[in-house]
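In UniProt numbering, the protein residues as written are 1 to 307. Here the structure comes first, spelled out in structure tokens, and everything after it is commentary.
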């Protein structure tokens with residue numbers, strides 16, 4: 001056999017290198033592209049299924065209008081945080097006024113919730129979380145730093161009472177929220193009222209005139225006030241709710257409206273002493289009414305069940 005014939009036979013046995021075969025470079029790239037596309041489709045399907053499952057499990061989101069009162073609630077929380085930092089830095093008076101500002105924002109968030117008709121469980125929970133910081137933890141840290149630390153370990157336990165009893169008070173309020181008709185009183189002293197009462201005492205004690213006259217800078221007095229206020233928070237004594245600033249409410253409750261207007265004048269005119277007088281009167285009225293109701297109940301004859 002000639003060499004030319006052998007070459008032709010060997011050429012016939014060589015594999016074809018057509019572009020459509022898988023062994024060629026072009027065929028490999030086409031297969032890789034198809035594999036990538038298939039992988040991307042699988043990833044997209046899995047992401048879609050994951051998002052659908054999360055959407056089914058997600059709790060209903062509150063209305064965007066909730067952001068209006070929530071802003072004031074968060075400002076309440078922010079003031080409470082700033083008050084804690086001021087106590088740490090030794091600025092007691094500034095810390096007191098920051099807690100007062102927190103109380104102002106606490107009033108505003110409730111008013112804005114009613115005006116925008118966005119009262120919701122979300123707002124109630126956020127308000128309670130803010131209140132426990134601004135009116136529970138901040139006053140507790142304040143009274144401990146202000147003087148109760150000298151009575152350790154009793155002082156530390158007493159200083160923790162505003163936060164501990166305040167947490168119980170808020171939990172009880174959240175459980176009762178939305179159940180039954182709305183009432184014009186609080187069952188137990190509200191946690192903002194307890195905090196403002198403590199702040200009032202400290203601000204008056206910082207004023208050298210009132211402190212020397214009324215002995216407000218006494219540590220035993222501070223200890224007694226903290227314990228009594230904390231106990232009032234978890235009590236069942238009724239304290240009047242703050243009146244609504246509406247003409248209808250003012251016409252329906254002229255005496256209560258007049259009393260609160262007088263309280264405002266005293267606070268503006270006498271400042272720390274005015275605050276002290278107003279809160280002492282508020283607490284005394286609630287406690288006195290509870291004592292009167294107890295005496296009246298004990299003096300009322302009960303019919304004999306056996307008769």
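Ideal Cβ positions, reconstructed from N, Cα and C, are used throughout, including at glycine. Note that the coordinates shown come from a computational prediction; the quantities given were computed from them, not determined experimentally.
Residue span of the beta strand (DSSP E) that contains residue i, given as start and end
i	result
residue 149	Premise fails: residue 149 is in no beta strand (DSSP E) and is neither H nor E.
residue 78	Per DSSP, residue 78 belongs to no beta strand (DSSP E); it is in the alpha helix (DSSP H), 67-88.
residue 239	238-240
Span separating the alpha-carbon of residue i from that of residue j
i	j	result
residue 271	residue 285	21 Å
residue 21	residue 53	Residue placement at residue 21 is flagged as unreliable, the pLDDT there being 45, under the threshold of 50; a coordinate-derived value is accordingly withheld.
residue 255	residue 261	10 Å
residue 202	residue 240	24 Å
residue 288	residue 234	17 Å
residue 23	residue 30	A caution first: residue 23 carries a pLDDT of 49, below 50, which makes its placement in the model unreliable, though a value can still be read off. Cα-Cα distance, rounded: 11 Å.
residue 81	residue 133	7 Å
residue 44	residue 141	53 Å
residue 300	residue 236	21 Å
residue 101	residue 303	52 Å
residue 198	residue 51	50 Å
residue 118	residue 109	10 Å
residue 185	residue 268	25 Å
residue 114	residue 129	20 Å
residue 280	residue 229	11 Å
residue 91	residue 165	26 Å
residue 282	residue 49	59 Å
residue 42	residue 34	12 Å
residue 200	residue 47	57 Å
residue 308	residue 163	The displayed coordinates of the chain run from 1 to 307. Any statement about residue 308 would go beyond what the structure contains.
residue 189	residue 238	8 Å
residue 183	residue 40	60 Å
residue 297	residue 77	42 Å
residue 259	residue 95	29 Å
residue 79	residue 175	26 Å
residue 75	residue 38	51 Å
residue 294	residue 253	25 Å
residue 247	residue 89	44 Å
residue 290	residue 93	34 Å
residue 292	residue 266	27 Å
residue 11	residue 36	At residue 11, the pLDDT of 48 sits below 50, so the modelled position is not reliable; the number obtained from the coordinates is stated separately. Taking the straight line joining both Cα atoms gives about 37 Å.
residue 153	residue 160	11 Å
residue 250	residue 242	12 Å
residue 116	residue 32	58 Å
Cβ separation of residue i and residue j, assumed to be a contact under 8 Å, to the nearest whole Å
i	j	result
residue 194	residue 135	7 Å
residue 196	residue 264	Contact doesn't hold; Cβ gap of about 14 Å is too wide.
residue 170	residue 131	6 Å
residue 225	residue 158	Actually they are not in contact, since the Cβ atoms of residue 225 and residue 158 sit about 10 Å apart, beyond 8 Å.
residue 223	residue 275	So it is not a contact: roughly 20 Å between Cβ atoms.
residue 70	residue 126	6 Å
Host alpha helix (DSSP H) of residue i (start-end)
i	result
residue 128	121-131
residue 329	A question about residue 329 goes unanswered here, because the residues of the chain that appear run from 1 up to 307.
residue 137	Unbroken run through residue 137: none, as it is neither H nor E.
residue 102	92-115
Residue closest to residue i, alpha-carbon to alpha-carbon, out of the options
i	options	result
residue 204	106, 277, 173, 101	277
residue 84	109, 74, 145	145
residue 73	242, 167, 111	111
residue 67	78, 123, 96	123
residue 98	69, 116, 138, 70	138
residue 273	206, 39, 294, 290	206
residue 232	266, 218, 242, 187	187
residue 168	191, 257, 32	191
residue 120	250, 177, 248, 40	177
residue 221	253, 155, 259, 257	155
residue 219	143, 75, 89	143
Residue-level contact to chain D via CB, residue i, 8 Å cutoff
i	result
residue 293	Looking for chain D here will not work: only one protein chain is present.
Unbroken beta strand (DSSP E) runs of length 3 or more, entirely within the stretch 156-235: which are they? Segments of the beta strand (DSSP E) lying fully in the stretch 156-235: 185-187.
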